[in-house]
């Protein structure tokens, strides 16, 4: 995607000024990040939360483009991540998976290279990424779809997006053409993005893009033709995740979850493996490790790693440090050093006080 360097490259506007309304505007933002939270926040106007589930350093690349009121982005990630959240209000979304290595799922449906999906309002989603994922997203305001329908006499244009849940798209010539169109678009951006400074070029591109989106979506939705996770199992995992998120101050065990949900340990194990690809124990540990990492990134100058880890239920500092490094590819003290503070404890890994020699 032309994102060889770490950091950000924004074109025409500041990083937080991407458009949400019609106007003569073009915005291009590229970024390469090694932190899952920062990567999640980089996609403008989306409300997302990323929880890293696999072990190893995270890497993410994002190319985020706004052409007037339409958003087109390409995201690549390394590591298994659970992405949850919602798109910006009244957005109609098409996702095109360009590449995938490993098992993944989108709203309960298996995810693989060549998969495509669509969802409208409300735009909530749950994505468990494969170990490596390359996906293109297209977000169009529902009002823009409605206006196009009014001009073309297609009264059902907006209705096709007014449904809950996500649908897989059937492999059709129209979908293949849309994939080719967006692939050429990103190749063009890597060479020269200046043509899109002109309103006429943007209008032509967006018109053709929306033609392609509507052709791919119209009559191409698949519902229940590809096995999705059982609604009951997905619902149980959803309840478990909500309970865990609401009780972060008191780290829990699988037994606590079973008692709260009225489920057996075996049932919970089966549901988590099917829906998220990890066991309940692995998920709880990942949530706690991600929680510690978020605290370390914003910790004050007197913060002690041992105290933060203990609040998240890690009582064995040696094992915690090992698990942390295995998950994120760095030590807890490395994360803490990057926090925007002016002072650090002398021995942050152990949370101890500065040592003094005799006579000092």
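Residue numbers (this note's numbering): 5 to 364. Every residue, glycine too, gets a C-beta built ideally from N, C-alpha and C.
Beta-carbon separation (whole angstroms), residue i vs residue j, contact threshold 8 Å
i	j	result
residue 186	residue 100	6 Å
residue 139	residue 217	Residue 139 to residue 217, Cβ: 15 Å. No contact.
residue 220	residue 182	5 Å
residue 55	residue 291	6 Å
residue 321	residue 310	6 Å
residue 80	residue 51	No, residue 80 and residue 51 are not in contact; Cβ-Cβ is about 21 Å, not under 8 Å.
residue 132	residue 153	Going by Cβ atoms, the distance from residue 132 to residue 153 rounds to 34 Å, so no, they are not a contact pair.
residue 244	residue 261	6 Å
residue 170	residue 121	5 Å
residue 32	residue 69	5 Å
Residue i versus residue j - alpha carbon distance
i	j	result
residue 82	residue 130	17 Å
residue 303	residue 296	10 Å
residue 318	residue 113	34 Å
residue 341	residue 286	27 Å
residue 289	residue 58	11 Å
residue 357	residue 308	Residue confidence for residue 357 is low, a pLDDT of 36 falling below 50, so the modelled location carries little weight; the figure read from the coordinates is stated next. Distance between the alpha carbons of residue 357 and residue 308: 9 Å.
residue 235	residue 275	10 Å
residue 45	residue 179	29 Å
residue 195	residue 201	14 Å
residue 77	residue 165	20 Å
residue 61	residue 328	11 Å
residue 251	residue 67	35 Å
residue 65	residue 41	13 Å
residue 174	residue 315	48 Å
residue 96	residue 192	24 Å
residue 222	residue 263	45 Å
residue 226	residue 176	With a pLDDT of 48 at residue 226, under the threshold of 50, the modelled position of this residue cannot be trusted, and the question is left open.
residue 367	residue 150	With the chain running from 5 to 364 in the structure shown, residue 367 is simply not present.
Residue i, buried or exposed, once every other Cβ within 10 Å from all chains shown has been counted against 16
i	result
residue 188	exposed
residue 119	buried
residue 155	exposed
residue 75	buried
residue 366	What is shown of the chain runs 5 to 364, which leaves residue 366 out entirely.
residue 326	exposed
residue 268	exposed
residue 1	The displayed coordinates of the chain run from 5 to 364. Any statement about residue 1 would go beyond what the structure contains.
residue 229	The pLDDT assigned to residue 229 is 38, lower than 50, so where the model puts this residue is not dependable; a value taken from the coordinates is nonetheless given after this. Label assigned to residue 229: exposed.
residue 198	exposed
residue 254	exposed
residue 270	exposed
residue 259	exposed
residue 246	exposed
residue 87	buried
residue 299	buried
residue 339	buried
residue 37	buried
residue 134	buried
residue 330	exposed
residue 367	Only positions 5 to 364 of the chain appear in this structure, which leaves residue 367 out of reach.
From the options, residue whose alpha carbon lies closest to that of residue i
i	options	result
residue 147	341, 32, 73	73
residue 123	132, 116, 110, 117	110
residue 94	63, 145, 196	145
residue 84	137, 151, 141, 310	137
residue 143	291, 213, 247	213
residue 332	311, 301, 252	301
residue 240	222, 260, 266	266
residue 117	107, 184, 103	103
residue 47	208, 60, 92	92
residue 63	323, 208, 310, 35	35
residue 30	115, 38, 71, 51	71
residue 238	272, 43, 107	272
residue 1	343, 257, 299	Nothing about residue 1 can be reported from this structure: the residues present for the chain run from 5 to 364 only.
residue 306	344, 191, 335, 279	344
In DSSP terms, what residue i is bridged to
i	result
residue 93	Partner(s): none; residue 93 has no beta bridge.
residue 142	76, 98
residue 65	36, 80
residue 235	Looking at the DSSP assignment, residue 235 forms no beta bridge with any residue, so it has no partner.
residue 114	109
residue 137	81, 104
residue 131	87, 110
residue 52	89
residue 170	123
Any non-hydrogen atom of the ligand COA within 7 Å of residue i CB
i	result
residue 267	The ligand COA is absent from the structure shown, which contains no ligand whatsoever.
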